[in-house]
Amino acid sequence: MQSPVYFKGNKLFLQTRWRLASWYAGVMGLILTLCGWSVYEAIAHAHWVTLERELNSVSATIHNSLEFVLEKPGYLTIEQVRFLPSICLVGDSSCSNQKNESHHTLTNAIQQDDYYIRLVDISGKPLALAGEFPQKLPLTTPQVKWHTFKLRKSNSLGEDSKRYHQITLLLHTRDNHDWGYLQVGRSIKDFDSYLGAIRLIMFVGLPLAMLLVGVASWWLAKFAMQPVYQSYQQIQQFTSDAAHELRTPLAAARATVESVLRLSNISEQEARESLEVIKRQNYRLSKLVDSLLLLSRFDQQGVPKQNNLQLEQVSLNDLVNDVAEELAPLAVAVDIELKTDVRINQTLEIPAREEQLYRMLTNLVTNAINYTPEGGKVKIILDINSSQALIKVQDTGIGIATEKQKQIFERFYRVGSDRSRKSGGFGLGLPIAVAIARVHQGDIELDSKLGQGSTFTVRLPIKKFNYC
């Protein structure tokens, strides 16, 4: 698990984090606003369509019923008035706007949801009213089917307003002459109250959602920038380490040259010794540059497919024996026993780049020798399981503390800097070994205990191998 990353003290990353969070919050805010507005419009439209459908249904029922009894255009008979028991003729002072106790079907329909009915003649002059009609009901153009209007009413608490929606239908007599118009309307106060509640929820909810989005954006910006910031820190650390490693051989070569230049006369022996020092430091620099270039190439390649590599069948048995034979003098020089342990009786071959596997194993064994005290042992083990070839490098060296085992494969890292510098290492051997293993679709595992030694296990796939 990666440790949390903070950008304190780094203005570039803080500004970038602010910009990233602001853009994210702004875009999310715009999306939420558009979605909220779309949902509001969809809800309003759906309820409005339902309201008009109900109004149209009620008006159609009344319209069809009235046309059976209408005879003379613009005139209502007593029988027609009885057809709507709650109807009030215009100008009748004895008629009040109150609910009628009649159980007539049409009367119940128009009184149930604050419906009103108005009958007007062809010219638009009102003839009669029924239902919950509002005071000062305005005249409307009968030729227009739908009308929505607002009426204001003053009361002790101030001014109250209520909206109405009305439909107008043309009425015909029984002999199919134009009689006048039927206007059916109703209050849409409930509709407006419902939409008002939705708007209130949106006005309160959107700022709260924006606040949460802002906090989440700030956190997500840090989370998104964490790999970039870690890479930036690694580049800074790499630059610092590389400069430090380059400084040592350069300083030694410069000191050698300056000491020679200060001499008025120099013998051939002194000149040779000075050139040897410069040659050694140049070799050290070349080795460092080669290692860095190799790691850079691996970084650019990533982990390619094996069919993208120029592979050949490599015998791991021969590889283990060759590495042990080459490094035997180095082990003898420091009084370390180096031996091999091949635990299979057949030749194990895998498709690989031989020179890379050779370098990988050489780095691991050299590392084991460098960190094993005199009189210790280093063993190279070759084994196999069902799908992998195993190469283990065991030593009885100083071991690695648990908390430092994750750092052991970092570039320029050393468990013991003085010892490693004395042996000529740069702290790049293990990173190169891991990179080579991963290029071959394998990996390297470490098992170590402080003071008891370490075991590096290389696992390489053997899907295409000759095991004979």
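Just so you know, we're using full-length UniProt numbering here: the sequence shown kicks off at 1 and counts up by one. The beta-carbon is built from N, C-alpha and C at its ideal position, and this holds for glycine as well. Fair warning: this is a prediction, and the values are worked out from it, not measured in the lab.
When the five nearest sequence neighbours on each side are left out, the beta carbons in the same chain lying within less than 8 angstroms of the beta carbon of Ala224 are those of Leu20, in order along the chain. Out of Lys136, Tyr116, Ala216, the CA that lies nearest to the CA of Ile167 is found in Tyr116.
By the Cβ criterion, the region 190 to 204 is not in contact with the region 129 to 141, since fewer than three pairs of Cβ atoms, one from each stretch, lie closer than 8 angstroms. Note on Cys88: 16 or more other CB atoms within 10 angstroms of its CB, so buried under the neighbour-count rule.
With fewer than 16 neighbouring CB atoms inside 10 Å of its own CB, Asp443 falls in the exposed class. The region 11 to 30 makes no contact with the region 138 to 154; the number of CB pairs closer than 8 angstroms stays below 3.
Between Val342 and Val314, the C-beta spacing is not below 8 angstroms. If you look at Val314, you'll find it in the beta strand (DSSP E) that goes 312 to 315.
At the C-beta level, Leu316 and Leu382 come within 8 angstroms of one another. The beta carbons of Val378 and Thr372 sit closer together than 8 angstroms. Under DSSP, Val323 takes part in no beta bridge, so it has no partner. Around the C-beta of Leu129, 16 or more other C-beta atoms lie within 10 Å, and the residue is accordingly described as buried. Burial check for Ala253: the Cβ neighbour count within 10 Å reaches 16 or more, so the residue is buried. Short of 6 angstroms from the beta carbon of Leu32, and not among the five residues preceding or following it, lie these beta carbons of its own chain, in chain order: Ala209. For Glu276 and Thr455, the gap between their C-alpha atoms comes out near 37 angstroms. Glu349 counts as buried, since at least 16 other C-beta atoms from the protein chains shown sit within 10 angstroms of its C-beta.
By the Cβ neighbour-count rule, Pro142 is buried, with 16 or more other Cβ atoms within 10 Å of its own. Contact between Leu182 and Leu66 holds: their C-beta atoms lie close to 7 angstroms from each other, under 8 angstroms. In this structure, the straight-line span from the alpha carbon of Ala331 to that of Ala433 is close to 20 angstroms.
Of the residues Leu12, Ile122, Cys35, the one whose Cα lies closest to the Cα of Tyr232 is Leu12.
Around the C-beta of Ile62, 16 or more other C-beta atoms lie within 10 Å, and the residue is accordingly described as buried. Cβ neighbours of Leu311 within its own chain (closer than 8 angstroms, five residues either side excluded): Pro351, Ala352, Arg353.
Proximity to Asp318 across Asn176, Pro329, Asn345, Glu337 peaks at Asn345, based on C-alpha coordinates. Secondary structure of His45 (DSSP, three-state): helix. Straight-line spacing of the CA atoms in Gly196 and Asp114 works out to 20 angstroms.
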